[in-house]
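Just so we're aligned, residue 6 is where the sequence shown starts under our numbering, counting upward by one.
No residue lacks a Cβ here, since even glycine has one placed at the ideal position from N, Cα and C.
Quick caveat: nothing in here was measured; it's all calculated off a predicted structure.
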Amino acid sequence: MERCSLGLGIAACGVLLALGGCRAAPNTANTPPAAIRFADASAQAGIDFKHDHGGSGRKYLPETGSSGVAWIDYDGDGWADLLLVNCAPLPGTPANRRPTARLYRNRGDGTFEDRTAGSGLDVVIYGQGASAADYDDDGDQDVFISCLGPNQLFRNEGNGRFIEVAALAGVADGRDRWRWHTGSTWLDYDRDGRLDLFVGRYVKWTPQTDVFCGTPGGQKRYCPPTNYEGERCALYRNLGGGRFADVSRASGVDAVIGKWFQPVVCDFNDDGWPDVAVSSDGTQTALFRNEGAADPKRIRFTDAAPESGVGLSEQGMPKAGMGIDLADWRNNGREAILLGNFSSERLSLFEPDSSGLYTDAADQVGMGLSSLFSLTFGVAFLDADRDGWRDAFAANGHIDDYVERFETKITYAELPLFYRNEAGKTFTEIAERAGFARKMVARGCAVADYDHDGDPDLVVTENNCPAHLFRNETQTANHYLRLVLRGQRPNREAIGARVQVTAGTLRQTAMVRAGGHFCSQSELPLTFGLGGAKTARVTVSWPDGSTTTREVGTDRVQELVQEAPRG
Numbered sequence: 006m007e008r009c010s011l012g013l014g015i016a017a018c019g020v021l022l023a024l025g026g027c028r029a030a031p032n033t034a035n036t037p038p039a040a041i042r043f044a045d046a047s048a049q050a051g052i053d054f055k056h057d058h059g060g061s062g063r064k065y066l067p068e069t070g071s072s073g074v075a076w077i078d079y080d081g082d083g084w085a086d087l088l089l090v091n092c093a094p095l096p097g098t099p100a101n102r103r104p105t106a107r108l109y110r111n112r113g114d115g116t117f118e119d120r121t122a123g124s125g126l127d128v129v130i131y132g133q134g135a136s137a138a139d140y141d142d143d144g145d146q147d148v149f150i151s152c153l154g155p156n157q158l159f160r161n162e163g164n165g166r167f168i169e170v171a172a173l174a175g176v177a178d179g180r181d182r183w184r185w186h187t188g189s190t191w192l193d194y195d196r197d198g199r200l201d202l203f204v205g206r207y208v209k210w211t212p213q214t215d216v217f218c219g220t221p222g223g224q225k226r227y228c229p230p231t232n233y234e235g236e237r238c239a240l241y242r243n244l245g246g247g248r249f250a251d252v253s254r255a256s257g258v259d260a261v262i263g264k265w266f267q268p269v270v271c272d273f274n275d276d277g278w279p280d281v282a283v284s285s286d287g288t289q290t291a292l293f294r295n296e297g298a299a300d301p302k303r304i305r306f307t308d309a310a311p312e313s314g315v316g317l318s319e320q321g322m323p324k325a326g327m328g329i330d331l332a333d334w335r336n337n338g339r340e341a342i343l344l345g346n347f348s349s350e351r352l353s354l355f356e357p358d359s360s361g362l363y364t365d366a367a368d369q370v371g372m373g374l375s376s377l378f379s380l381t382f383g384v385a386f387l388d389a390d391r392d393g394w395r396d397a398f399a400a401n402g403h404i405d406d407y408v409e410r411f412e413t414k415i416t417y418a419e420l421p422l423f424y425r426n427e428a429g430k431t432f433t434e435i436a437e438r439a440g441f442a443r444k445m446v447a448r449g450c451a452v453a454d455y456d457h458d459g460d461p462d463l464v465v466t467e468n469n470c471p472a473h474l475f476r477n478e479t480q481t482a483n484h485y486l487r488l489v490l491r492g493q494r495p496n497r498e499a500i501g502a503r504v505q506v507t508a509g510t511l512r513q514t515a516m517v518r519a520g521g522h523f524c525s526q527s528e529l530p531l532t533f534g535l536g537g538a539k540t541a542r543v544t545v546s547w548p549d550g551s552t553t554t555r556e557v558g559t560d561r562v563q564e565l566v567q568e569a570p571r572g
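In structure tokens, the structure reads:
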């Protein structure tokens with residue numbers, strides 16, 4: 006029987022060493038290192054959500070992977086609200102179980118109120134993940150929930166109510182009742198100003214084709230995805246007027262079959278056209294290169310993963326990629342790709358060189374051995390201590406609740422991993438010292454400064470268990486800058502904008518992204534730690550290619566508005 010573990014984990018060791026050496030680089034921030042600390046504030050904040058995977062003991066594969074979460078600002082008050090995804094009953098489950106997604110409104114005082122009832126989001130669907138964006142240019146965030154079965158697009162009516170319009174908009178993909186959709190992300194792939202939608206699909210599964218995998222005693226256990234045929238990604242072009250066209254085939258994103266979990270937007274070749282990296286479970290990671298620079302009138306995507314080195318492990322084999330996130334963690338202007346993998350596979354941290362070739366550096370920077378026995382779903386970069394160097398979080402939890410009967414070092418509920426960034430040289434794993442001392446069957450995670458105190462907080466979901474809101478309680482004198490970008494219509498939220506912040510000797514870069522991690526989304530405003538710097542220079546490269554540069558103070562919320570084009 007599945008369970009929500011309440012036991013405390015035991016630290017594997019005090020210091021985790023990278024394979025290539027044992028001396029961490031000195032911290033070069035202007036202030037002494039702070040002791041990073043998070044505390045579970047779920048009860049205090051009023052978050053009482055419990056995920057239901059929809060199962061009844063039949064061990065259907067979809068039960069293993071769901072539990073997405075998104076930070077959204079559905080009422081436009083500037084405070085990050087919380088949306089947690091839930092699952093409908095699978096065949097064989099009692100009909101009186103009617104779990105729905107939950108919408109929590111941020112009161113602005115560190116607490117939340119449940120606004121689910123009557124919101125339109127209180128419907129029973131087998132949800133997987135969520136992403137949010139103002140796709141219809143009416144000034145408020147709409148919500149897309151990917152599902153096992155037809156997808157759901159909830160148009161925000163601006164009064165606390167949402168209306169489901171996926172079929173009308175053309176993104177339901179309801180041809181197959183059991184088609185398995187996973188993560189999603191919003192982007193303007195053709196640079197026409199309207200936000201398009203990229204959706205991952207996992208494997209071809211139905212209750213009728215469910216494969217029996219048994220224990221030595223004959224009990225059914227969850228099967229690996231190797232027993233099922235892979236799927237193709239989907240891309241929907243925003244036509245305006247609330248309608249989309251399926252351009253998956255025309256754009257080339259459905260040319261590659263995989264077992265896709267989470268897409269995330271990047272610009273890995275720095276040509277100003279949004280590319281998409283997609284994690285895949287047991288098949289090659291994809292790196293869809295946008296060829297818009299070559300032909301803006303007939304945009305195609307080409308999978309550049311094989312030539313770039315990001316598709317396979319150092320041994321030339323695909324890993325079980327689940328969560329994915331990107332960050333310029335070395336502050337060198339180039340984003341690395343962090344991937345969560347299966348137990349015994351270790352995390353992957355693909356870093357590009359100046360020519361665009363990627364190498365998995367997880368072992369060399371201290372992430373390899375420390376993650377060996379973890380099964381990682383959600384991953385997220387964040388600067389917990391505001392020193393200007395992005396740290397990394399990994400949400401861990403196994404899929405097989407029988408695993409402890411057959412393994413000695415692998416457990417079902419697992420400790421998270423938290424990696425402190427040592428000035429862009431290495432990482433040190435400090436999860437238990439940082440307050441992540443409770444084992445979880447974790448899946449999704451997302452980042453937001455929900456209490457507006459200048460440092461990033463975390464929400465983590467568990468499969469078939471409660472969600473957790475981790476408040477950042479790190480005590481530091483380091484400064485910060487919170488950026489809220491206002492783009493030109495119709496992309497008012499400036500999704501896809503790239504930001505460079507220079508403060509003292511630090512130069513950081515980041516992108517505004519809608520969707521990522523694992524079936525989840527962090528808030529759209531960007532928070533930068535600035536170390537001891539008291540001023541910063543900000544340059545925004547807007548999605549249309551224009552730029553804005555400002556000198557700003559620190560320890561504040563700074564709104565930057567894109568200027569209207571001249572003429």
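First through last residue of the alpha helix (DSSP H) which encompasses residue i
| i | result |
| --- | --- |
| S189 | Element bounds for S189: not the alpha helix (DSSP H) but the beta strand (DSSP E), H186 to L192. |
| L173 | A171 to A174 |
| A519 | Neither: A519 is in no alpha helix (DSSP H) and is coded neither H nor E. |
| A310 | A310 to S313 |
Per-residue DSSP class, three states only, for residue i
| i | result |
| --- | --- |
| Q49 | helix |
| R112 | coil |
| T553 | strand |
| A569 | coil |
| E434 | strand |
| E68 | helix |
| Q133 | strand |
| W183 | coil |
| N295 | strand |
| T532 | strand |
| D195 | coil |
| I329 | strand |
| F423 | strand |
| R573 | Because the chain here runs from 6 to 572, residue 573 falls outside it and cannot be looked at. |
| Q480 | coil |
| G558 | strand |
| A30 | Interpretation of A30 is limited by its pLDDT of 35, a score under 50 that renders its predicted location unreliable; no figure is taken from the coordinates. |
| G14 | With a pLDDT of only 37 at G14, under the threshold of 50, the placement of this residue in the model should not be trusted, and no figure is reported. |
| A44 | strand |
Range of the contiguous beta strand (DSSP E) that encloses residue i
| i | result |
| --- | --- |
| E467 | D462 to E467 |
| S447 | First, the amino acid is wrong: residue 447 is Ala here, not Ser. It spans A447 to A453 - the beta strand (DSSP E) in which A447 sits, taken as one unbroken run. |
| S285 | D280 to S285 |
| I150 | D147 to C152 |
| R487 | H484 to R491 |
| L159 | First, the residue type needs correcting, since residue 159 is Phe and not Leu in the sequence shown. Looking at the DSSP string, the run of the beta strand (DSSP E) that includes F159 is Q157 to N161. |
| V216 | Careful: V216 lies outside any beta strand (DSSP E) and carries neither H nor E. |
| D86 | D86 to L89 |
| V269 | W265 to C271 |
| I77 | V74 to I77 |
Nonlocal neighbours in the same chain, by C-beta distance under 7 Å from residue i, ignoring five residues either side
| i | result |
| --- | --- |
| D57 | N91, C92, R102, P104 and N469 |
| P167 | Strictly speaking, residue 167 in this sequence is Phe, with Pro absent from that position. Cβ within range, chain order: S124, G125, L126, V148, F159, R160 and N161. |
Counterpart residues of residue i in DSSP-defined beta bridges
| i | result |
| --- | --- |
| S546 | R503 and T552 |
| F306 | N295 |
| H473 | V465 |
| V208 | G235 |
| D119 | Y109 |
| I168 | R160 |
| T540 | G558 |
| K324 | K324 is not bridged to any residue. |
| D458 | None; D458 has no bridge partner. |
Other residues of its chain near residue i: CB distance less than 8 Å, five sequence neighbours each side excluded
| i | result |
| --- | --- |
| C27 | Since pLDDT at C27 reaches only 30, below the 50 mark, its modelled position is unreliable, and no value is offered. |
| D456 | G115, D462 and R476 |
Close Cβ partners of residue i (< 6 Å) along its chain, the five nearest in sequence each way excluded
| i | result |
| --- | --- |
| S359 | none |
| A17 | Residue confidence for A17 is low, a pLDDT of 36 falling below 50, so the modelled location carries little weight; the figure read from the coordinates is stated next. Around A17: no qualifying Cβ. |
| G297 | W278 and I304 |
| L88 | A75, I77, L108 and A135 |
| S318 | K324 |
| L474 | A46, S47, A50, I52 and V464 |
| T69 | Y227 and I404 |
| P495 | D142, G198 and R199 |
| L377 | R351 |
CB contact check: residue i to chain D, cutoff 7 Å
| i | result |
| --- | --- |
| A282 | Chain labels in this structure do not include chain D; a single protein chain is all it has. |
Contiguous alpha helix (DSSP H) assignments of at least 4 residues, all confined to the segment 221-263: 253-256
Every unbroken alpha helix (DSSP H) inside the segment 342-414 [4 residues or more]: none
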